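The structure under discussion appears below in the form of structure tokens.
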Amino acid sequence: MNAIESIQSGLDVVLVVGAEVQTTVRAREGADYLARAAHYATERSIDDFTFPALLARRAKAYKEAYGLTERDLAHFSVKAYNNANHNPLAHMCAIKMTLEQAETESDRNPKILRNPDLHDHLKVSDCSQVSDGAAAVLLVSEAGLQKLGRAMADAVKLRSYGFCTNPLGEVKDLLKLDTAAAASGEAMHDANIRPQDIEVAEVHDCFTIAELMMYEAIGLADQGKGKELVLSGRTSREGDIPVNTGGGLVGFGHPVGATGIKQAAEIYRQMKGQCGDYQVQRELNLGLTVNMGGDDRTVVSLVLENQS
């Protein structure tokens with residue numbers, strides 16, 4: 005039984021916790037553990053860094069289809085690092101990233117893949133951080149809120165959720181995050197909202213190309229047009245649809261088992277004005293989370309509504 009089902013079955017207070025420790029082994033060894041979330045028998049051999057390679061494969065296809073450039077992707081890195089620079093809990097809080105640094109291969113920003121077909125399509129600046137971390141939320145009914153002695157204004161409402169899975173190793177279209185589209189579409193349909201109603205979002209940016217493709221999967225941008233959102237500044241903290249305000253996985257870090265819960269906690273903190281230097285400077289009422297497992301194989305999406 006998951007946390008939402010627990011509340012639906014009559015439990016009033018449910019503690020949801022996620023945690024991950026990744027820094028006890030070297031990155032290449034850790035990559036082998038993480039590759040278990042792929043189709044290991046057929047996809048492990050694509051590269052020592054299996055998941056970076058799988059998303060580099062998408063970046064390569066997207067570049068060929070839509071003319072995406074390294075400079076375009078660099079804008080996603082810069083946004084992530086800039087947000088993280090204002091977040092004291094972020095892995096990359098003290099690390100600056102310029103557009104030129106993110107765009108250019110260098111000793112400090114190398115291309116890490118050994119696969120010759122994919123090598124040119126991923127740099128360190130495109131990658132999420134190998135992080136340790138934990139996150140927790142309380143999921144409560146109205147009765148549970150009363151038991152805790154808290155007011156409705158202390159909470160955000162889980163208005164709806166979407167969940168979708170697809171078979172490992174069977175990506176049908178490298179240009180689309182079909183599973184993310186299905187899960188977020190279900191969540192928004194059940195909440196009776198449209199993509200343009202979303203006021204703040206947390207999406208799974210395991211790599212820069214993933215954030216771009218999430219924009220399109222959610223419906224914030226048309227197919228092939230995702231880069232235009234970040235280039236316009238619309239998804240910055242100052243924009244009309246701020247995305248990954250605390251740095252996302254690229255800037256904040258990606259302790260895998262904690263990431264989905266952290267997304268919900270981040271939306272809560274933004275809605276309640278608790279984000280300090282990276283607080284969005286306007287009232288936020290509707291937020292969306294989209295958390296992805298594997299190469300778009302399992303996705304959970306939440307629509308959260310502020311309460312007052």
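Numbering (the working numbering), first residue to last: 5 to 312.
Think of the CB as a built atom: it goes at the ideal place given N, C-alpha and C, for glycine as much as any other residue.
This one's a predicted model, so the numbers in the text were calculated from it and none came from an experiment.
For residue i, the three-state DSSP class (helix, strand or coil)
i	result
A147	helix
S164	strand
V82	helix
G22	strand
V128	helix
G34	helix
L72	coil
L117	coil
F53	coil
L224	coil
A94	coil
A42	coil
L58	helix
L77	helix
L216	helix
Residue nearest to residue i in terms of C-alpha spacing, selected from the options
i	options	result
T293	D36, S188, L172	S188
A195	G291, F53, L224, E33	G291
S129	E174, E287, K83	K83
V17	L77, V141, D226	V141
E24	G264, Q285, N289	G264
S49	L103, A69, C97, G173	G173
G261	D136, D226, I271	D136
D281	K151, A94, F53	A94
S305	D76, Y165, A98	Y165
A186	I99, A221, G148, T249	A221
S81	N289, L216, R32	L216
P114	K180, D121, A106	A106
M96	D201, G71, S132	S132
D121	Y70, L77, R61, G148	R61
Q297	L152, H43, G277, A88	With the sequence shown as reference, residue 297 is identified as Gly, and Gln is not the correct amino acid for it. Checked all of L152, H43, G277, A88; the closest Cα to G297 is H43.
D124	K151, T73, A155	T73
A157	R273, L77, S240, G230	R273
E33	G230, V21, D52	D52
N317	A184, Y219, T249, E109	Here the chain covers residues 5 to 312 and nothing more, so residue 317 does not appear.
A39	Y66, V307, L59	L59
I213	L19, Y66, T28	Y66
P92	V307, G257, S312, E287	G257
E270	N119, D201, Q285, G252	G252
P199	A225, N6, R30	A225
V20	K64, K266, Q311, G237	K266
Start-to-end residues for the alpha helix (DSSP H) that takes in residue i
i	result
S305	Per DSSP, S305 belongs to no alpha helix (DSSP H); it is in the beta strand (DSSP E), 302 to 310.
S236	230 to 236
E104	103 to 107
Chain C within 7 Å of residue i, Cβ atoms only
i	result
D177	No chain C appears in this structure, which consists of one protein chain only.
Range covered by the beta strand (DSSP E) that runs through residue i
i	result
T293	290 to 297
V204	204 to 207
Anticipated Cβ contact below 8 Å, residue i with residue j, distance rounded
i	j	result
A205	V254	Going by Cβ atoms, the distance from A205 to V254 rounds to 15 Å, so no, they are not a contact pair.
D300	D209	Going by Cβ atoms, the distance from D300 to D209 rounds to 13 Å, so no, they are not a contact pair.
Y70	G228	4 Å
V134	Q283	So it is not a contact: roughly 28 Å between Cβ atoms.
T54	A78	The pair is not a contact, with the Cβ atoms about 24 Å apart (cut-off 8 Å).
T46	T169	Wrong, their Cβ atoms sit about 18 Å apart, outside the cutoff.
V160	N6	Between N6 and V160 the Cβ distance is about 19 Å, and since that is not below 8 Å, they are no contact.
L117	A57	6 Å
ask   = At which residue ranges does the stretch 246 to 287 contain complete alpha helix (DSSP H) runs of 4 or more residues, listed in the order of the chain?
value = Here the runs fully enclosed are 252 to 255, 260 to 275.
request  = Enumerate, from N- to C-terminal direction, the unbroken beta strand (DSSP E) stretches of 3 or more residues contained entirely within the stretch 153 to 201.
outcome  = DSSP runs (the beta strand (DSSP E)) wholly in the stretch 153 to 201: 160 to 169.
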